[in-house]
Amino acid sequence: MTPLSELLERIALEAGASILPVYEAGPTVCYKDDRSPVTEADERAEAIILARLAAAFPDIPVVAEETVASGCVPDISCGTFFLVDPLDGTKEFINRRDDFTVNIALIEGSVPVAGIVYAPALRCAYVADKGRAEKLVFGSGPVGKRQAICVRARGPVLTAVASRSHNSSETEAFLAGHGVMDLTSVGSSLKFCLLAEGRADVYPRFGRTMEWDTAAGNAVLNAAGGSVVRLDGSRLPYGKMKQSDDSDFANPHFVAWADISPLLTAP
Numbered sequence: 713m714t715p716l717s718e719l720l721e722r723i724a725l726e727a728g729a730s731i732l733p734v735y736e737a738g739p740t741v742c743y744k745d746d747r748s749p750v751t752e753a754d755e756r757a758e759a760i761i762l763a764r765l766a767a768a769f770p771d772i773p774v775v776a777e778e779t780v781a782s783g784c785v786p787d788i789s790c791g792t793f794f795l796v797d798p799l800d801g802t803k804e805f806i807n808r809r810d811d812f813t814v815n816i817a818l819i820e821g822s823v824p825v826a827g828i829v830y831a832p833a834l835r836c837a838y839v840a841d842k843g844r845a846e847k848l849v850f851g852s853g854p855v856g857k858r859q860a861i862c863v864r865a866r867g868p869v870l871t872a873v874a875s876r877s878h879n880s881s882e883t884e885a886f887l888a889g890h891g892v893m894d895l896t897s898v899g900s901s902l903k904f905c906l907l908a909e910g911r912a913d914v915y916p917r918f919g920r921t922m923e924w925d926t927a928a929g930n931a932v933l934n935a936a937g938g939s940v941v942r943l944d945g946s947r948l949p950y951g952k953m954k955q956s957d958d959s960d961f962a963n964p965h966f967v968a969w970a971d972i973s974p975l976l977t978a979p
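Using this note's numbering, read the sequence shown as starting at 713 and increasing by one per residue.
Have a look at this one:
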């Protein structure tokens with residue numbers, strides 16, 4: 713473990729602990745201006761994460777989903793900042809499905825270089841830093857069983873992961889065009905993590921996402937040997953501001969790949 717990954721684990725676990733009582737009792741759901749749902753669990757977890765990051769890294773700005781939704785956008789011109797989604801997969805959370813996550817990522821020069829994806833209801837986490845990706849599985853206590861993870865080599869038949877709540881006709885066309893024979897639907901940033909631990913090959917996303925939705929999972933996948941690219945094949949960047957065709961921090965369509973070697977050898 714690096715000092716950064718250890719800190720991110722502690723913060724994510726504390727945020728997750730604040731989420732679970734709301735999950736078990738049933739959340740109160742409100743809707744933001746874009747009609748996306750938000751609960752008291754989102755707000756509690758974000759307050760914890762912001763406080764802990766500010767104490768540990770007072771000079772590094774934090775871009776957090778609910779804070780941005782309230783109109784507070786920090787200056788990230790330095791190029792180094794955190795991206796935070798305190799509760800990714802809110803629809804899964806509301807519908808009492810376990811695949812929701814706490815996401816924290818560190819961005820340097822538009823690249824997610826470290827991060828954690830923690831699934832409190834599933835009692836597992838995926839952590840990345842210094843080019844190494846690990847999975848933690850928690851038993852009855854706070855200490856998890858830790859193992860290094862990496863992507864698998866691409867075989868003749870691809871397995872894809874896709875969003876349970878945001879499928880599309882473009883996704884169906886992509887799957888058919890690439891000969892995907894097996895599809896797993898899962899919510900939140902866990903889709904990146906399934907690729908990172910060698911359980912799937914590709915995650916195409918043709919629906920709208922924001923940077924805080926993808927950065928931590930992207931960091932884990934990068935460290936495990938995969939990549940996330942735009943439809944033109946270029947790397948998905950972070951810190952996208954003043955976009956002519958979309959709002960700040962909005963992502964274009966992208967494809968996450970486990971084994972990137974075919975991309976590197978393609979003409």
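Beta carbons are placed, not taken as given, at the ideal position from N, Cα and C, and that holds for glycine.
These numbers come from a predicted model, not from an experiment.
Check	Outcome
Inter-residue CB distance, Arg835 and Phe812 (contact presumed, cutoff 8 Å)	In fact, because the Cβ distance is near 13 Å, the residues do not count as touching under 8 Å.
CB contact below 8 Å: Cys790 versus chain D	Included in the structure is just one protein chain, with no chain D present.
Every unbroken alpha helix (DSSP H) inside the segment 914-972 [4 residues or more]	923-936
Under the three-state DSSP convention, the category Lys842 falls into	coil
Extent of the continuous alpha helix (DSSP H) to which Ser875 belongs	First-last for Ser875: 870-875, but that is the beta strand (DSSP E), not the alpha helix (DSSP H).
Boundaries of the beta strand (DSSP E) in which Arg858 is found, first to last residue	856-860
Rounded separation between His965 and Gly951 - CA only	16 Å
First and last residue of the uninterrupted beta strand (DSSP E) at Leu895	892-898
Three-state secondary structure (DSSP) of Val734	helix
Cβ distance (whole Å) where Gly891 is taken to contact Val869 below 8 Å	7 Å
Gly889: first and last residue of the uninterrupted alpha helix (DSSP H) it sits in	881-889
Status (buried if at least 16 other CB within 10 Å, exposed otherwise) for Tyr735	buried
C-beta atoms of Val932 and Tyr830 nearer than 8 Å	no
Span of the alpha helix (DSSP H) around Glu752	752-768
Same chain, Cβ closer than 7 Å to Asp925, five either side skipped, listed in chain order	Asp797, Asp800, Ser901
CA-to-CA distance, Glu758 to Ala908, given in whole angstroms	26 Å
Anticipated Cβ contact below 8 Å, Pro994 with Thr883, distance rounded	Any question about residue 994 goes unanswered here, given that the chain covers just 713 to 979.
Close beta carbons around Arg809, own chain, < 7 Å, minus the five adjacent residues each side	Gly899
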